[in-house]
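Trainee: Residue numbering for the sequence shown follows this note's numbering, beginning at 65 and increasing consecutively. Just so it is clear, CB atoms sit at the ideal spot from N, CA and C, and this is done for glycine as well.
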Amino acid sequence: EFSDICKGPSSCKNYGFPHPRDCKKCICPSGYGGPLCDRRPDGCGAELVATDKWQTLKDDLGDRKAGGYPREDFMKCNYWIKAPAGKKVQVKFVSFSQGVATDGCPYAGVEIKTHADQRLTGYRLCSEDDKNTILTSTSNIVPIITYNRIYATVTTLEYRYI
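(1) Please tell me whether CYS90 and PHE81 are closer than 8 Å, where the distance is taken between their beta carbons.
(2) If you measure between the beta carbons of PHE157 and ASP194, is that distance less than 8 Å?
(3) In three-state terms, what does DSSP make of ALA216?
(4) Bridge partners of ARG224, per DSSP?
(5) Taking DSSP's pairing of strands, which residues face TRP144 in a bridge?
(6) Would you say the region 209 to 219 touches the region 124 to 136, given that touching needs at least three Cβ pairs under 8 Å?
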């Protein structure tokens, strides 16, 4: 079986699993990176520290010069919102650029990973209809992935810990 290729316990974190061609490396769920899936992926985004007061995350992503036709590849930014151990993170969807709201958000959106099982795709939002939706995490870290493959979009979220 595929999972039996790498013997012994895995040191992968956050539901990552050993790479079958190099058991020392991990294949990570989206929103996680590094050799052991315990870091924010490289590239744009940031690690943000939540407080008990609402703070704002504003992300501007895409290529305005590319026009209104979908690109083949997505641009992505990865954020981590961290709270002290034992606290939970709340994320409020404040606004998103208009014109890309489609079921499933296939062109652009924000994915907010508040599930206990981080292998699962997070909640994907891309419509003003989702305004003021508040998601509460099950842990003290919430990966947030903004993604875009059409024109450019601005995501505005607020976050805090509870």
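Mentor: The relevant details are as follows:
(1) Against the sequence shown, residue 90 aligns to sequence position 26. Against the sequence shown, residue 81 aligns to sequence position 17. Yes, they are a contact pair.
(2) As a working mapping, residue 157 is identified with position 93 in the sequence shown. As a working mapping, residue 194 is identified with position 130 in the sequence shown. If you check the CB distance, PHE157 and ASP194 come in under 8 Å.
(3) Indexing the sequence shown from 1 puts residue 216 at position 152. The three-state reading of DSSP puts ALA216 in strand, counting E and B together.
(4) Translated into the one-based positions of the sequence shown, residue 224 becomes position 160. The partner list for ARG224 (beta bridge, DSSP) reads GLN154.
(5) As a first step, residue 144 is located in the sequence shown; it is residue number 80 there, counting from the start. BP columns for TRP144 point to GLU111, PRO207.
(6) By the Cβ rule, the region 209 to 219 counts as touching the region 124 to 136, because three or more pairs are nearer than 8 Å.
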